[in-house]
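First the structure, in the form of structure tokens, and then the observations on it.
Residue numbers (our numbering): 28 to 382.
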């Protein structure tokens, strides 16, 4: 136990010695008194003049001057690489995550014409992806801009809107095509216009060809089933490959190369794709990925989590929290807690004290 520096006694010499120790005039200064001014200057308390008779009082809390340590949020930057992809009932919007200080959210603006003054606020998001629900067959334009934590809005990505459109409803397309085909002279004049036909009682089949004065040409097949095969290439058992068939109103294709397709309902056993975009909801019992990246949120295949540049959790159980402005940091490991000052020096360690 260290020896107490204070001298006992009520005589003048004891009082003088104790005052010299308290004011730092005697000794190494470790036992000097701490004044209210010093506490306020160290930002450990608030000093005000609201006391009786104009006296200075201290109140609990951190001085307002601490706020000056943190720089104000920067003016929002211009959004980059804004892309709009239309689905059936929604438009998927993507852009690069901003890196300016103090970012808060992104505003998404929408209009049916390429006129920013007529655009309405469709929604906001803190991330870099947004799904805007619209009707099938809709077309319009989009703009985005960033807003910082002080509520200041930045510039739009461009003055011209980014065009987007959704696919029309497949059921409506099918109904329209079926209606037009049923009005075709190929069907109306089934008996007169068919080039090749066959009948067995009331059952008819055949091929109809029509060329109209307006340049319209049509070929119709009347059959319960239609298929294609190569009669010159049977297999070892005398069977033929059927690459294309229409059976019971359904098309069956063995293999297909399609440059662009619009499908309302897709049921697939195995999908291999360079890029898949989901406009609304993706549901899966298991998602395997090298990296899950959503703006400032990132998880890699090693189990390491990062939320922005200031917070991370490693797969070994280490938590790191850092202040962007003054570099003060906190590192929590499974056996100790370390605190660093703004110069990167270790100032506090709790737990296992040696490496």
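Each residue gets a CB set at the ideal place from its N, CA and C atoms; glycine is no exception. What you are looking at is a predicted structure, and each value in this text was computed from that prediction instead of being measured.
Per the C-alpha coordinates, the member of 311, 51, 103, 321 positioned closest to residue 178 is 103. In this chain, residue 132 is not harboured by any alpha helix (DSSP H); it is covered by the beta strand (DSSP E) spanning 130–138. Its chain contains 49 as the residues whose beta carbon lies nearer than 6 Å to that of residue 60, once the 5 sequence neighbours on both sides are disregarded; these appear in chain order. Where residue 48 is concerned, the enclosing alpha helix (DSSP H) starts and stops at 39–49.
Here the alpha carbon of residue 57 sits roughly 21 Å from the alpha carbon of residue 40. If you look at residue 266, you'll find it isn't in any alpha helix (DSSP H); DSSP assigns it neither H nor E. Just measuring C-alpha positions, the residue of 140, 241, 340, 107 sitting nearest residue 127 is 107. The Cβ-Cβ distance between residue 378 and residue 363 falls below 8 Å. 272 is the residue among 272, 356, 237 whose C-alpha sits nearest the C-alpha of residue 254. Residue 135 sits buried, since 16 or more C-beta atoms from the chains shown fall within 10 Å of its C-beta.
Boundaries of the beta strand (DSSP E) harbouring residue 349: 346–349, taken from the DSSP string. Pairing residue 113 with residue 244 gives a Cβ-Cβ distance that is not under 8 Å.
Straight-line measurement puts the Cα of residue 51 at about 19 Å from the Cα of residue 67.
Burial is judged here by how many other beta carbons sit within 10 angstroms of a residue's own beta carbon; residue 250 has fewer than 16 and is exposed.
With a threshold of 16 other beta carbon atoms within 10 Å, residue 125 meets it and is buried.
Positions of the beta strand (DSSP E) runs, each at least 3 residues long and wholly inside the stretch 158–200, are given as 166–175, 180–183, 189–192 in order along the chain. Shown here, residue 121 sits in a strand according to DSSP, grouped into three states. The beta-bridge partner set that DSSP reports for residue 288 is empty.
Annotation for residue 65: the continuous alpha helix (DSSP H) segment containing it runs 63–68. In the three-state reduction of the DSSP assignment, residue 281 falls in the coil class, being assigned neither a helical nor a strand state. In the displayed model, residue 308 falls within coil according to three-state DSSP, outside both helix and strand.
As DSSP reads the structure, residue 320 sits in a beta bridge with 325.
Counting along the chain, residue 364 sits inside the beta strand (DSSP E) bounded by residues 363–367. According to DSSP, residue pairing for residue 148 in a beta bridge involves 136. Secondary-structure assignment with DSSP links residue 293 through no beta bridge to anything.
Closest in alpha carbon position to residue 142, among 333, 246, 168, 54, is 168. Beta-bridge partners assigned by DSSP to residue 333: 325, 339. One thing to note: residue 164 has its Cβ no nearer than 8 Å to the Cβ of residue 173.
In the three-state DSSP reduction, residue 206 falls in the helix class (H, G or I). For residue 254, the uninterrupted beta strand (DSSP E) run begins and ends at 252–255, by DSSP. For residue 303, no beta strand (DSSP E) run applies, since DSSP gives it neither H nor E.
For residue 359, the uninterrupted beta strand (DSSP E) run begins and ends at 356–359, by DSSP. One thing to note: residue 206 has its Cβ no nearer than 8 Å to the Cβ of residue 175. Taken through DSSP and simplified to helix, strand or coil, residue 380 comes out as coil.
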